[in-house]
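Before any comments, here is the structure.
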Amino acid sequence: MRCCFVLTCEQVQAALSAQLDGEPSPLDSDLIDVHVAGCVQCRAFYDRAADVNRLFAFSDVEIKVPDLSDEILAGVESTWRRQATTRTLNAFLSRIAMVIVGVGWVLWAIALLMTNATDASSAVAVDPYYMRVSMETVSLRCAIGFGLLFASWQPRVAGGLLPMMGALWMFSFGFAVRDFALGQLNQETLTYLLLVLFSLLVLLWNWSVSHGWVYVSSLIRSLGAAPHS
1 MRCCFVLTCE QVQAALSAQL DGEPSPLDSD LIDVHVAGCV QCRAFYDRAA
51 DVNRLFAFSD VEIKVPDLSD EILAGVESTW RRQATTRTLN AFLSRIAMVI
101 VGVGWVLWAI ALLMTNATDA SSAVAVDPYY MRVSMETVSL RCAIGFGLLF
151 ASWQPRVAGG LLPMMGALWM FSFGFAVRDF ALGQLNQETL TYLLLVLFSL
201 LVLLWNWSVS HGWVYVSSLI RSLGAAPHS
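As numbered in UniProt numbering, the sequence shown has no gaps in its residue numbers, which increase by one up to the final residue, 229.
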């Protein structure tokens, strides 16, 4: 008796898929080849499946990406070290400047106190109003000097002294402009004005080195930020 076995396209395509995937084929390879040779649809299916299989095989190839982490970290570390060195140097110099200006204030107060003691016998020196103003001037200069010396020892308080020195400079500069307009600006007033300005600048210098730029940059970003709707 003769047996006739007819293959369908679905069976052949399933067998082709198994072959391409590396799985056991349910059909003999000779039968599959004979069917594919005479079937346009199965031959096209095989070509498409082979292309897809090659595409996935290519995508599975590991592409070696160079490890640039060491170079990146080296660049960041060198930049950070330069910034840290600059910040440390500026902090040290600003503290030295505060010591110099603070000592200048204290020496000026001592000089004024000695001048008052020398002129104690004069009629002007014994005037109660003059003596009170002189003592207040000595106290103010000593307070500024000791404040700067303390800020050089504890830099975290420099920001707290800024509003006081800013207000002192503002009013002193205003009165100096008035004295200049009236022709009454003398050397002592000019020295006092410059010393107040130097005190304000060294405090601002030290504050900006420690954390002032963080606040300033944050304020600039907040002012430039777009409002939320």
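Ideal Cβ placement from N, Cα and C applies to all residues, glycine included.
Item                                                                                                                                                                      : Value
Please return the same chain residues whose Cβ sits closer than 7 angstroms to the Cβ of Ser152, not counting the five positions on each side in sequence.                : Arg95, Met98, Val99, Gly102
Output needed for Asn90: all residues of its chain with C-beta closer than 8 angstroms, excluding positions within five of it in sequence on either side, in chain order. : Trp205, Val209
Would Arg141 be called buried (16 or more neighbouring beta carbons within 10 Å of its own) or exposed?                                                                   : buried
In or out: Cys46 buried (at least 16 other Cβ within 10 Å) or exposed?                                                                                                    : Sequence check: residue 46 is Tyr here, not Cys. Label assigned to Tyr46: buried.
CA-CA distance, Asn186 and Tyr129?                                                                                                                                        : 21 angstroms
Can you tell me whether Cys9 is buried or exposed, with buried defined as 16 or more other CB within 10 angstroms of its CB?                                              : exposed
Among the candidates Ala37, Cys42, Gly38, whose CA atom is the shortest distance from the CA of Leu16?                                                                    : Cys42
What number of angstroms, rounded off, separates the C-alpha of Ser202 from the C-alpha of Ala143?                                                                        : Ser is not the amino acid found at residue 202; the sequence shown has Val there. When rounded, the distance between both Cα atoms is 16 angstroms.
Are there 16 or more other CB atoms within 10 angstroms of the CB of His211, so buried, or fewer, so exposed?                                                             : exposed
Please say whether Asp179 and Thr189 have beta carbons closer to each other than 8 angstroms?                                                                             : yes
Please classify Arg2: is it buried, with 16 or more other beta-carbons within 10 angstroms of its beta-carbon, or exposed?                                                : Here the model assigns Arg2 a pLDDT of 37, short of 50, so the residue's position is not dependable, and the following value carries that caveat. Label assigned to Arg2: exposed.
Determine, using beta carbons only, whether Gly199 and Met165 come nearer to each other than 8 angstroms.                                                                 : Looking at the sequence itself, residue 199 is Ser, so the reference to Gly does not match. Cβ distance < 8 angstroms, so Ser199 and Met165 count as in contact.
For the alpha helix (DSSP H) holding Asp28, just list the boundary residues, first then last.                                                                             : Premise fails: Asp28 is in no alpha helix (DSSP H) and is neither H nor E.
Quick check: is any heavy atom of the ligand ADP less than 7 angstroms from the C-beta of Leu194?                                                                         : This structure lacks the ligand ADP; in fact it carries no ligand of any kind.
For Gln13, count the other beta carbons within 10 Å of its own beta carbon; 16 or more makes it buried, fewer makes it exposed. Which is it?                              : buried
For a test of the three-state rule: what should DSSP assign to Gln83, helix, strand or coil?                                                                              : helix
Taking only three categories from DSSP, how would you classify Leu185?                                                                                                    : coil
If you check the beta carbons only, do Trp207 and Leu162 fall under 8 angstroms apart?                                                                                    : yes
I'd like the list of long-range same chain contacts for Asp33, defined as Cβ closer than 8 angstroms, with 5 residues on each side in sequence excluded.                  : none
Report the CB separation of Val138 from Ala109 in whole angstroms; it is logged as a contact under 8 angstroms.                                                           : 5 angstroms
For Leu148, is the classification buried or exposed, using 16 other Cβ atoms within 10 angstroms of its Cβ as the cut-off for buried?                                     : buried
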